[in-house]
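Residue numbers (the numbering used here): 5 to 532.
Glycine is no exception: its CB is placed at the ideal position from the N, C-alpha and C atoms.
Remember, it's a predicted structure, so these values are computed and weren't measured experimentally.
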């Protein structure tokens with residue numbers, strides 16, 4: 005029987021307390037990064053090692069992927085490098101819990117890949133010596149990533165923790181569609197009903213109501229609005245009410261605020277509760293699995309994942325039937341807004357103190373930052389998942405009965421998992437055979453990017469700030485998520501319970517949470 009999340013977190017925290025007490029000096033552990041490699045290691049060229057070695061890798065897998073050992077990327081990397089891998093993967097919340105437990109129990113892999121390490125995890129586990137510093141290794145053994153740092157001075161600053169070390173490597177994503185969250189509309193339904201794109205949240209409500217009542221797709225069981233999880237709606241719809249946030253934190257005129265106690269968020273909840281009560285919002289959103297979510301397919305009117313995944317079609321040009329949902333105004337906001345995301349995606353790969361071959365591991369990771377490595381990570385195997393056309397552009401392939409995305413995901417971990425890659429504008433400019441995606445880039449550039457705002461800069465916290473956050477944030481997040489579900493589903497009356505909800509969050513320490521973020525913001529601002 006699986007432990008409930010709350011019990012599991014208690015176990016993790018108890019183990020962590022014991023581990024911290026018993027941990028050896030962090031400087032001793034950090035010396036792992038300065039040890040000399042053995043004679044089996046090749047500092048340049050391939051293979052990376054003459055005699056095979058085996059490393060344990062831990063990462064977050066995607067439901068669209070096969071087992072990692074079956075993917076062409078990992079098979080080709082083994083052949084190229086002579087490094088064999090033992091895999092520890094899991095999806096979604098299971099991976100997050102497994103990662104936390106691995107650190108707490110000291111049952112660490114050799115390295116994280118697609119590890120989604122948070123800034124606090126980098127700082128905490130780096131300062132404890134559980135992740136090794138990488139800056140000296142980068143100078144010696146990561147020419148591809150070092151080149152990126154030389155070309156972009158902001159890159160090093162963005163991934164260096166307050167103690168002066170780099171504990172994790174990022175991904176770089178300059179694609180237009182990765183700069184802001186996107187929600188999609190069922191274009192054929194809009195055409196059938198003669199509806200224009202909504203400009204206000206009132207328009208949006210009327211559109212969802214028309215989907216439900218008139219069933220333009222003749223599907224019988226219409227789901228006007230759905231999302232994989234509540235977080236998708238927060239990033240997709242909450243800006244329309246005037247809050248552009250990241251994990252509940254945002255900055256406004258130099259002042260850091262906590263989103264989940266603001267009046268705008270309250271109005272957002274009341275709007276979603278109205279949709280839920282009228283079955284305009286998917287009533288299974290809090291319980292469905294990823295597979296159940298995408299299986300709803302063509303029954304959905306507005307959804308939070310790409311049309312080719314949600315609806316499923318073999319002709320890429322069919323994507324043009326699903327326009328992006330534009331920013332809208334509301335009763336609490338007269339300005340169109342959406343979220344701007346940094347092209348530097350931190351925490352994708354890290355090497356642990358258990359690793360006996362850090363130089364070889366970093367060389368393995370560094371390959372992903374080369375043009376060849378990025379192609380392998382994102383596109384997979386030439387001839388199986390993509391090919392080059394006569395114009396020297398890459399074109400994705402599809403197997404019978406599978407979309408290009410599903411085919412691509414069979415061999416490329418960068419489809420579905422946040423792995424290290426260098427996805428430049430030039431990379432996307434090489435895409436051919438799919439004019440639809442180029443038109444979608446134009447949609448996003450014209451309809452979303454002009455209204456995108458950065459909620460809060462990428463910062464690292466001092467040890468004291470991080471400790472303050474670590475103490476209060478787990479309880480705050482747990483309570484907020486529970487109450488959000490109750491407010492939206494109607495299990496708790498929003499107006500009757502709101503003051504008590506805010507008071508509880510205040511008692512749990514949101515002032516400490518905001519103060520820590522304010523200090524970090526002020527320090528970041530002063531350095532600009």
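Non-local C-beta neighbours of residue 518 in its own chain, meaning closer than 8 Å and more than five positions away in sequence, comprise 253, 260, 261, 262, ordered along the chain. Per DSSP, residue 218 is one residue of the alpha helix (DSSP H) stretching across 205-218. Annotation: residue 226 to residue 347 spans about 36 Å, alpha carbon to alpha carbon. Residue 45 has its alpha-carbon roughly 20 Å from the corresponding atom of residue 78. In its chain, beyond the 5 residues on either side, 62, 63, 353, 354 have a beta carbon closer than 7 Å to the beta carbon of residue 116. Under the DSSP definition of a beta bridge, residue 175 partners with 349. Residue 214 is positioned such that its CB atom lies no closer than 8 Å to that of residue 324. Each of 319, 306, 516, 403 was checked against the Cα of residue 230, and the nearest Cα belongs to 306. For residue 69, the CB contacts under 6 Å within the same chain, skipping 5 residues up- and downstream, are 413, 420 in chain order. Selection 193, 343, 166, 216 evaluated against residue 458 yields 343 as nearest (Cα-Cα). In this chain, the alpha helix (DSSP H) harbouring residue 157 covers 157-163. Taking a C-beta distance under 8 Å as the contact criterion, residue 166 and residue 466 qualify as a contact pair. For the pair of segments examined, the stretch 475-493 was found to touch the stretch 268-276: the number of CB pairs separated by less than 8 Å reaches three.
A Cβ-Cβ separation of about 7 Å places residue 350 in contact with residue 123 under the 8 Å criterion. A direct Cα-to-Cα measurement between residue 66 and residue 95 gives close to 6 Å. Counting the other CB atoms within 10 Å of its CB gives residue 396 a total below 16, which places it among the exposed residues. Uninterrupted alpha helix (DSSP H) stretches at least 4 residues long and entirely within the stretch 70-152 occur at 76-85, 96-109, 123-131, 139-145, given in chain order. Annotation for residue 297: 232 place their beta carbon closer than 6 Å to its own, counting only its chain and skipping 5 residues before and after. Residue state for residue 190 is assigned as coil, using DSSP reduced to three classes.
Residue 265 is positioned such that its CB atom lies closer than 8 Å to that of residue 509. In this structure, residue 422 keeps its C-beta atom at 8 Å or more from the C-beta atom of residue 152. When Cβ pairs closer than 8 Å are counted between the two stretches, the stretch 445-454 is seen not to touch the stretch 398-416, the count staying below three.
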